[in-house]
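Each number in my numbering corresponds to the 1-based position in the sequence shown with 43 added.
Quick reminder that beta carbons are idealized off the backbone N, C-alpha and C, glycines included.
Worksheet: the structure to be examined is printed underneath.
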Amino acid sequence: MSTTDTILLVNELQITFAGPHPFMAVNKISFSIDKGKTLAIVGESGSGKSLTALAIMGLLPNTAILSGDLVLTENSQDLQLTTHDLRLIRGKKMGMVFQEPMSSLNPVMSIGKQLTEAILTHQKISSAAAKQLAIDWFSKVQLPEPTKIYARYPHELSGGQKQRVMIAIAMCNHPALLIADEPTTALDTTVQQEIVRLMHYLQQEHQSAMIFITHDLALAATIADDVLVMYKGEMIEYGTATQVLQHPQHAYTKALLACRPSPESKGHKLPVVADFLTGAKETIREIEDIPHKPAAAGSPLLEIKDLRIWFPENKNLLGQPQQYFKAVDGVSFTLHKGEVLGLVGESGCGKSTLARSIIGLIPAHSGQMLFNGTDLTKIPIKRWSSIRTQIQMIFQDPYSSLNPRMTIGDMLIEPMATHNIVPQNELQKEALRLLNLVQLPAEALHRYPHQFSGGQRQRIGIARALALRPQLLICDESVSALDVSIQAQILNLLKDLQQEFGLTYLFISHDLSVVHYISDRVIVMKAGKIVETGEAQQVLMHPKDEYTKKLIDAMP
């Protein structure tokens with residue numbers, strides 16, 4: 044392809060942060076992107092992927108020192124410009140879709156006004172024309188009832204719908220370059236597939252160049268023409284998607300590909316990046332060859348019988364509900380001691396509502412939840428304190444579930460002291476034991492959540508859940524947002540802890556490869572009902588229900 048087709052040239056890009064302890068976050072990386080082509084930048088958290096994108100957009104913090112060449116070749120424009128000049132280019136020549144749409148959208152402005160504002164900033168048209176164009180764009184990104192959507196606020200939309208709004212805002216001015224930073228990480232597989240297809244369609248329609256940042260190599264393979272692999276700020280590997288993903292040269296790229304759970308890895312420990320980078324071939328061989336047997340399932344621990352969780356929608360003049368939203372509608376299943384039961388389905392199917400009802404956060408409308416023979420739907424509120432020592436939950440976002448003002452030690456010690464798990468003089472010793480269990484150093488006891496990485500925070504969440512010595516752990520999307528290597532470490536840890544303590548898991552996830560790897564049995568939910576259940580191998584490798592087949596087909 045001729046140089047006239049090149050949209051972006053990056054040469055020797057270096058990003059250094061000043062301060063008492065300056066460090067180089069990105070070290071002299073170079074690449075280019077042509078019109079209508081997609082470059083996937085892959086790597087773990089902290090590799091410099093997002094910083095590279097922010098440098099291109101001119102959004103780096105003031106403490107960052109930038110060197111090298113960033114040239115938007117469509118108009119031969121050097122991107123190292125003043126803030127004023129960058130504002131004229133951002134949104135018009137370059138658009139960006141961020142990972143978390145809720146934090147990117149203004150919560151007090153309707154989404155229609157936000158899109159109209161983006162159009163009026165860069166296009167000389169009337170307000171009425173901009174509004175109509177915004178409605179047209181909502182239709183283009185396949186949002187239902189675009190005219191009604193125009194007046195809604197971000198909190199009234201689902202995660203997938205909010206991400207569609209962000210795509211419309213990023214592309215409404217036909218930018219030459221589109222940057223998508225982990226745009227599908229927290230989305231269901233079916234929604235993820237729709238978003239990726241939509242971005243690809245719009246990109247081809249306008250012949251934009253696209254940078255797609257992700258830690259999911261399977262996703263990169265479905266969308267990218269070229270792939271750039273980053274590790275600790277360095278460019279490790281760069282080439283066509285076929286070269287990099289099918290014939291990787293560097294040990295790190297091989298590690299990223301090997302860490303993701305596959306049908307062949309079920310029953311074995313997953314390899315992690317460190318195994319490859321240290322060249323520990325014996326360790327890798329052990330991981331591949333020694334089966335990681337699941338604990339044998341025992342007697343029923345949790346029995347759900349015809350459970351209904353309904354939310355009143357319309358009320359009459361007397362305040363009595365006339366209509367209900369049936370989040371969970373007649374669900375029944377049994378979870379045995381020592382078993383891992385996977386729960387899958389799209390957002391809104393009732394998975395998390397069911398989990399929250401089991402731990403007493405949402406009341407049931409009718410039905411039974413028998414835990415060790417005790418019906419949780421009928422116990423008084425005071426009993427829940429003791430029940431929750433036996434049922435604990437690990438949440439998807441460890442940062443928002445950890446108190447930022449408490450040290451890790453205080454967070455571990457507080458529940459143990461409240462429930463008299465160990466004598467007062469042994470609390471710190473027990474906290475250190477928990478940290479050791481989840482492979483965190485003793486000094487973590489005196490640090491705060493913000494001082495840890497995402498994977499480390501998830502380990503803290505697991506340690507806190509284990510502090511009360513529960514029988515049942517509910518994992519609600521607990522590995523969804525983690526890098527593949529960190530995900531592998533957490534999955535290995537969960538399996539080790541299950542064997543050591545005889546734990547039982549209810550494992551909720553939209554990632555079917557992870558569910559297949561860790562689960563003994565699987566339940567598939569759709570619109571509040573169970574549509575398929577059975578052994579993990581049977582359900583996910585040979586599905587019978589059309590909805591299950593749809594979920595599996597959407598996997599990258």
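Own chain residues within Cβ distance below 8 Å of D578, not counting five before or after = The sequence shown places Glu at residue 578, not Asp. Excluding residues within five positions, the ones whose Cβ falls inside 8 Å are D563, R564, V565.
Spatially closest choice to L94 from A68, H293, N535, by CA coordinates = A68
Extent of the continuous beta strand (DSSP E) to which G138 belongs = 137 to 140
key: Proximity of L148 and V53 at Cβ, strictly below 7 Å   = no
ask   = In chain order, what residues of the same chain lie with their CB nearer than 6 Å to the CB of M253, ignoring the 5 residues before and after it?
value = T81, L221, Q246
inquiry  = Pull the bridge partners of K80 from the DSSP assignment, please.
reply    = DSSP, once it has assigned bridges, lists no residue as partnering K80.
inquiry  = Looking at the secondary structure, which residues open and close the alpha helix (DSSP H) in which Q236 lies?
reply    = 232 to 249
task = For F550, count neighbouring Cβ atoms within 10 angstroms of its own Cβ and tell me buried if that reaches 16, exposed if not.
result = buried
task = Take V387 as the anchor and find which of D519, I238, K587, T116 has the nearest alpha-carbon.
result = D519
Of the listed residues H249, T296, K275, nearest to A263 (C-alpha basis) = T296
query = Exposed or buried, what is V151 when buried is set at 16 or more other beta-carbons lying within 10 Å of its beta-carbon?
reply = exposed
message = On the criterion of 16 or more Cβ atoms from any shown chain inside 10 Å, does D526 qualify as buried, or is it exposed?
response = buried
inquiry  = Per the DSSP calculation, A252 is bridged to which residue(s)?
reply    = L220
query = Where does A177 land, buried or exposed, given buried means 16+ other C-beta within 10 angstroms?
reply = buried
request  = Flag this pair as yes or no: are the beta carbons of A508 and I437 separated by less than 7 Å?
outcome  = yes
key: Cutoff 6 Å; reference K336; Cβ partners in own chain excluding five residues on either side   = Confidence is the limiting factor: at K336 the pLDDT is only 49, short of 50, which leaves the residue's position unreliable, though a coordinate-based value still follows. Nothing meets the Cβ criterion.
query = Span of the beta strand (DSSP E) holding S110?
reply = 107 to 115
7 Å Cβ cutoff met for I76 and L51 = yes
query = Where do the ends of the beta strand (DSSP E) carrying G577 lie?
reply = 572 to 578
query = Helix, strand or coil: which one does DSSP assign to D318?
reply = helix
inquiry  = Under 8 Å: do the stretch 224 to 231 and the stretch 186 to 198 share three or more Cβ pairs, one atom per stretch?
reply    = no
ask   = Q366 and N359: beta carbons closer than 7 Å?
value = no
ask   = Less than 7 Å separating the beta-carbons of T232 and M584?
value = no
Where Q491 sits in the DSSP three-state scheme = Gln is not the amino acid found at residue 491; the sequence shown has Tyr there. In the structure shown, Y491 sits in coil (DSSP, three-state: anything other than H, G, I, E or B).
query = Would you call the stretch 280 to 296 and the stretch 53 to 63 in contact, with 3 or more CB pairs under 8 Å?
reply = no
query = Nearest to S444 by alpha carbon, out of T450, E486, G416, G504?
reply = G504
key: Burial state of T591 (16 or more Cβ within 10 Å)   = buried
message = Runs of 3 residues minimum, wholly inside the stretch 368 to 454: which ones carry the beta strand (DSSP E) assignment?
response = 383 to 387, 409 to 414, 434 to 437
Beta-ladder partner(s) of F181, from DSSP = DSSP output for F181 lists no bridge partner at all.
inquiry  = Spatial neighbours of E199 within its chain, please: C-beta separation below 8 Å, excluding the five flanking residues on both sides.
reply    = none
Element boundaries [beta strand (DSSP E), containing Q57] = 49 to 60
key: Where V557 sits in the DSSP three-state scheme   = helix
message = Going by DSSP, what residue range makes up the beta strand (DSSP E) through M209?
response = Segment 202 to 214 is the alpha helix (DSSP H) holding M209; no beta strand (DSSP E) there.
message = Between which residues of its own chain and K78 is the CB-CB distance below 7 Å, once the five residues before and five after are set aside?
response = D48, I50, Q250, A252
request  = Out of L511, H462, E457, state which residue places its alpha-carbon closest to the alpha-carbon of L488.
outcome  = E457
ask   = Which whole-angstrom value describes the C-beta separation of Q206 and I256, a residue pair presumed to lie in contact below a C-beta threshold of 8 Å?
value = Rounded, the Cβ-Cβ distance is 14 Å, inconsistent with contact.
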